[in-house]
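In terms of our numbering, the sequence shown is residues 325 to 482.
Here a beta-carbon is modelled for each residue, glycine too, at the ideal position from N, C-alpha and C.
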Amino acid sequence: MKKITATLIAVLCASAIYAQIPETPQLEYIMRLDISLGEAYSSGRTSKGVRNVIPITGGTFEGPDIKGIIIPGGADWQLTDTATGRTTVEAIYSIRTDDGVYIHIRNKGIIADSFTCAPEFEAPDDSRYAWLNNALFVCKPGPSGPQGTITLFVWKVE
325 MKKITATLIA
335 VLCASAIYAQ
345 IPETPQLEYI
355 MRLDISLGEA
365 YSSGRTSKGV
375 RNVIPITGGT
385 FEGPDIKGII
395 IPGGADWQLT
405 DTATGRTTVE
415 AIYSIRTDDG
425 VYIHIRNKGI
435 IADSFTCAPE
445 FEAPDDSRYA
455 WLNNALFVCK
465 PGPSGPQGTI
475 TLFVWKVE
(Lines of atoms letter the chains of each structure in order from A; the text may use other names.)
(Lines give C-alpha, C1' and ligand atoms only; values in the text may rest on other atoms or scores of the structure.)
Protein backbone atom coordinates (compact mmCIF):
# COMPACT_ATOMS: atom_id res chain seq x y z
CA MET A 325 0.00 0.00 0.00
CA LYS A 326 2.84 2.40 0.86
CA LYS A 327 4.43 1.76 -2.56
CA ILE A 328 1.16 2.50 -4.40
CA THR A 329 0.62 5.69 -2.37
CA ALA A 330 4.20 6.88 -3.05
CA THR A 331 3.78 6.18 -6.77
CA LEU A 332 0.45 8.01 -6.85
CA ILE A 333 1.95 11.04 -5.07
CA ALA A 334 4.88 11.08 -7.53
CA VAL A 335 2.51 10.96 -10.51
CA LEU A 336 0.33 13.74 -9.08
CA CYS A 337 3.39 15.94 -8.38
CA ALA A 338 4.72 15.40 -11.90
CA SER A 339 1.29 16.20 -13.33
CA ALA A 340 1.13 19.42 -11.31
CA ILE A 341 4.57 20.48 -12.53
CA TYR A 342 3.69 19.82 -16.18
CA ALA A 343 0.36 21.61 -15.79
CA GLN A 344 2.36 24.75 -14.92
CA ILE A 345 4.39 24.72 -18.13
CA PRO A 346 3.24 27.65 -20.27
CA GLU A 347 1.95 27.28 -23.78
CA THR A 348 4.60 26.79 -26.47
CA PRO A 349 5.62 30.17 -27.93
CA GLN A 350 4.33 30.98 -31.40
CA LEU A 351 6.24 32.66 -34.21
CA GLU A 352 5.12 35.67 -36.25
CA TYR A 353 6.80 36.22 -39.63
CA ILE A 354 8.59 39.59 -39.72
CA MET A 355 10.82 39.80 -42.78
CA ARG A 356 13.05 38.28 -45.42
CA LEU A 357 16.58 39.64 -45.83
CA ASP A 358 18.44 39.09 -49.11
CA ILE A 359 22.01 39.91 -48.12
CA SER A 360 24.85 40.50 -50.59
CA LEU A 361 28.22 39.24 -49.41
CA GLY A 362 31.77 40.20 -50.27
CA GLU A 363 34.78 37.92 -50.54
CA ALA A 364 35.40 36.03 -47.32
CA TYR A 365 38.80 36.10 -45.66
CA SER A 366 40.35 34.22 -42.78
CA SER A 367 42.59 35.15 -39.87
CA GLY A 368 43.47 31.45 -39.69
CA ARG A 369 43.63 29.34 -36.57
CA THR A 370 43.46 31.35 -33.37
CA SER A 371 43.41 30.23 -29.74
CA LYS A 372 39.60 30.11 -30.01
CA GLY A 373 39.28 28.37 -33.40
CA VAL A 374 39.43 29.32 -37.07
CA ARG A 375 38.28 32.90 -37.59
CA ASN A 376 36.56 33.78 -40.87
CA VAL A 377 35.03 37.12 -41.83
CA ILE A 378 32.43 37.64 -44.55
CA PRO A 379 31.81 41.30 -45.50
CA ILE A 380 28.19 42.43 -45.94
CA THR A 381 28.03 44.58 -49.06
CA GLY A 382 24.32 45.41 -49.31
CA GLY A 383 20.99 43.85 -50.17
CA THR A 384 17.31 44.31 -49.48
CA PHE A 385 14.72 43.27 -46.90
CA GLU A 386 10.95 43.13 -46.87
CA GLY A 387 8.16 42.03 -44.59
CA PRO A 388 4.50 42.80 -43.96
CA ASP A 389 5.30 46.02 -42.03
CA ILE A 390 8.87 46.83 -43.02
CA LYS A 391 10.92 47.22 -46.20
CA GLY A 392 14.23 48.73 -47.28
CA ILE A 393 17.91 48.18 -48.00
CA ILE A 394 20.87 46.67 -46.18
CA ILE A 395 23.65 49.21 -45.66
CA PRO A 396 27.10 48.11 -46.92
CA GLY A 397 29.85 47.95 -44.32
CA GLY A 398 28.79 45.24 -41.90
CA ALA A 399 30.26 41.77 -41.63
CA ASP A 400 29.61 38.24 -40.43
CA TRP A 401 32.35 37.09 -38.04
CA GLN A 402 32.52 33.31 -37.80
CA LEU A 403 34.53 31.13 -35.43
CA THR A 404 34.83 27.42 -36.21
CA ASP A 405 35.90 24.75 -33.74
CA THR A 406 37.61 22.28 -36.08
CA ALA A 407 37.39 19.45 -33.52
CA THR A 408 33.59 19.59 -33.41
CA GLY A 409 32.75 21.37 -36.67
CA ARG A 410 30.58 23.82 -34.72
CA THR A 411 30.65 27.41 -35.94
CA THR A 412 29.44 30.43 -34.00
CA VAL A 413 28.42 33.43 -36.07
CA GLU A 414 27.94 37.08 -35.23
CA ALA A 415 26.81 39.38 -38.01
CA ILE A 416 26.69 43.10 -37.28
CA TYR A 417 25.15 45.46 -39.83
CA SER A 418 22.54 48.16 -40.38
CA ILE A 419 19.43 48.47 -42.50
CA ARG A 420 17.53 51.53 -43.72
CA THR A 421 13.77 51.39 -44.14
CA ASP A 422 12.03 52.89 -47.16
CA ASP A 423 10.90 55.77 -44.96
CA GLY A 424 14.50 56.57 -43.96
CA VAL A 425 14.85 54.95 -40.53
CA TYR A 426 18.22 53.33 -39.73
CA ILE A 427 18.11 50.15 -37.64
CA HIS A 428 21.17 48.37 -36.23
CA ILE A 429 21.22 44.55 -36.18
CA ARG A 430 23.41 42.16 -34.22
CA ASN A 431 22.65 38.59 -35.28
CA LYS A 432 24.25 35.79 -33.24
CA GLY A 433 23.89 32.12 -33.99
CA ILE A 434 25.24 28.62 -34.31
CA ILE A 435 25.94 26.43 -37.31
CA ALA A 436 26.11 22.80 -36.19
CA ASP A 437 23.52 20.26 -37.29
CA SER A 438 21.46 23.21 -38.47
CA PHE A 439 21.83 26.99 -38.78
CA THR A 440 19.79 29.15 -36.42
CA CYS A 441 20.36 32.73 -35.28
CA ALA A 442 18.78 35.25 -32.93
CA PRO A 443 18.86 38.78 -34.34
CA GLU A 444 18.70 41.72 -31.95
CA PHE A 445 17.40 44.99 -33.35
CA GLU A 446 18.17 48.56 -32.24
CA ALA A 447 15.58 50.90 -33.72
CA PRO A 448 15.08 54.56 -32.77
CA ASP A 449 12.69 54.83 -29.81
CA ASP A 450 10.72 57.57 -31.57
CA SER A 451 10.19 55.55 -34.76
CA ARG A 452 7.33 53.34 -35.87
CA TYR A 453 9.83 50.44 -35.61
CA ALA A 454 10.52 50.85 -31.87
CA TRP A 455 8.62 47.59 -31.26
CA LEU A 456 11.69 45.78 -32.64
CA ASN A 457 13.57 46.81 -29.48
CA ASN A 458 11.19 44.94 -27.18
CA ALA A 459 10.93 41.46 -28.62
CA LEU A 460 12.92 38.30 -29.21
CA PHE A 461 13.51 37.05 -32.74
CA VAL A 462 14.84 33.94 -34.46
CA CYS A 463 15.99 33.51 -38.02
CA LYS A 464 16.99 30.72 -40.37
CA PRO A 465 18.48 30.76 -43.83
CA GLY A 466 16.23 30.20 -46.81
CA PRO A 467 17.00 28.46 -50.08
CA SER A 468 20.32 29.43 -51.61
CA GLY A 469 20.12 32.44 -53.89
CA PRO A 470 22.69 33.64 -56.37
CA GLN A 471 26.37 33.11 -55.50
CA GLY A 472 27.54 35.75 -53.05
CA THR A 473 24.19 36.12 -51.29
CA ILE A 474 22.33 34.64 -48.36
CA THR A 475 18.61 34.79 -47.61
CA LEU A 476 17.44 34.93 -44.00
CA PHE A 477 13.86 34.66 -42.74
CA VAL A 478 13.06 36.36 -39.41
CA TRP A 479 10.24 35.57 -36.97
CA LYS A 480 9.19 37.29 -33.78
CA VAL A 481 8.73 34.97 -30.78
CA GLU A 482 5.23 35.50 -29.37
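Ranked by Cα distance from Lys-464, the first of Ile-434, Asn-458, Asn-376 is Ile-434. By the neighbour-count criterion, in which 16 or more other beta carbons inside 10 Å mark a residue as buried, Thr-440 falls on the exposed side.
Taking a contact as a CB-CB distance under 8 Å, the pair Phe-461 and Ala-447 does not count as one, their CB atoms being some 12 Å apart. Using a 10 angstroms sphere on the CB of Asn-431, the tally of other CB atoms reaches 16 or more, which defines it as buried. One Cα belongs to Lys-372, the other to Arg-410, and the distance between them is close to 12 Å.
Using a 10 angstroms sphere on the CB of Gly-398, the tally of other CB atoms reaches 16 or more, which defines it as buried. Tyr-365 sits away from Val-374, with the two beta carbons spaced by 8 Å or more. Less than 8 Å separates the beta-carbon of Tyr-417 from that of Ile-395.
Comparing alpha carbon positions, the residue from Phe-385, Leu-403, Leu-476, Pro-388 closest to Thr-370 is Leu-403. With fewer than 16 other beta carbons inside 10 angstroms of its own, Leu-351 counts as exposed. Within the same chain, Phe-385, Glu-386, Gly-387, Gly-466, Thr-475, Leu-476, Phe-477, Val-478 come within 8 Å of Arg-356 by CB-CB distance, once the 5 residues on both sides are set aside. Note on geometry: alpha-carbon atoms of His-428 and Glu-482 lie some 22 Å from one another. In the DSSP annotation of this structure, the continuous segment of the beta strand (DSSP E) that includes Asn-376 starts and ends at 373-387.
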